[in-house]
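The structure appears right after this line, and notes come after that.
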Amino acid sequence: MYAGEIISYRQDILTFASEQYGTEPEYLWSSAPEYAVLRHRNGKWYGIIMNVPQEKLGLSGQDWVDILNVKCEPDMIGSFRQHAGVLPAYHMNRTHWLTVLLDGSVDRETICLLLTMSYDLIERGSKKRKRLRRELK
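FYI, the numbering for the sequence shown is 1 to 137, going by this note's numbering.
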């Protein structure tokens with residue numbers, strides 16, 4: 001890597017989601033065609049990749065940066081937020097979501113771990129809702 005090189009794990013994450021979960025990105029907004037939603041087979045989002053201005057994240061600079069929003073256990077958010085490159089959720093519920101910079105400040109393994117945790121949370125939530133529905137009948 002040379003000084004000034006722009007890094008993004010965007011494609012790495014999309015490849016990981018495809019290989020690990022069979023998930024293909026959905027591009028839902030014509031006004032933001034680069035935003036890629038990762039959807040669990042139950043229809044719920046477990047990740048969204050966006051490109052946003054640094055200033056929207058409370059960062060200094062005028063550049064845009066790729067980010068990944070992932071769902072996280074509320075009691076683990078504080079721990080992950082201690083890591084450089086992990087921020088309060090952008091445009092999502094900050095109690096349940098985190099934003100991860102895809103600029104190299106967080107390593108690929110940690111990003112994949114967070115994405116896996118998000119996927120598992122969505123899956124567990126779906127099973128829990130199904131069980132509750134059965135119990136209510």
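Beta carbons are placed, not taken as given, at the ideal position from N, Cα and C, and that holds for glycine.
Using a Cβ-Cβ distance under 8 Å, would residue 93 count as near chain D? Checking the listed chains, one finds no chain D in this structure; it contains a single protein chain.
Rank 107, 18, 19, 29 by C-alpha distance to the C-alpha of residue 140 and give the top, closest one. This structure cannot settle anything about residue 140, because the visible part of the chain is limited to 1 through 137.
Apart from the five residues on each side of it in sequence, which residues of its chain come closer than 7 Å, Cβ to Cβ, to residue 21? Translated into positions along the sequence shown, residue 21 becomes position 21. The answer, listed in chain order, is 119.
Looking at residue 91: is its Cβ nearer than 8 Å to the Cβ of residue 106? On the sequence shown, position 91 is the one that residue 91 refers to. On the sequence shown, position 106 is the one that residue 106 refers to. Going by C-beta atoms, residue 91 is not nearer than 8 Å to residue 106.
Classify residue 95 as helix, strand or coil using the three-state DSSP reduction. Along the sequence shown, read from residue 1 onward, the residue named residue 95 stands at position 95. DSSP places residue 95 in the coil class of the three-state scheme, outside both helix and strand.
Do you know whose CA, among 18, 61, 69, 98, lies nearest residue 79's CA? As a working mapping, residue 79 is identified with position 79 in the sequence shown. The option with the nearest alpha carbon to residue 79 is 98.
Would you kindly report the start and end of the unbroken beta strand (DSSP E) that includes residue 46? Here residue 46 is taken as the residue at index 46 of the sequence shown, counted from 1. Segment 45-53, the beta strand (DSSP E) holding residue 46.
Kindly indicate which residue of 10, 12, 17 has the alpha-carbon position closest to the one of residue 116. Here the question's residue 116 lines up with position 116 in the sequence shown. It is 17.
Quick one: is residue 56 buried, meaning 16 or more other Cβ sit within 10 Å of its Cβ, or exposed? Taking the sequence shown and counting its residues from 1, the one referred to as residue 56 is at position 56. Label assigned to residue 56: exposed.
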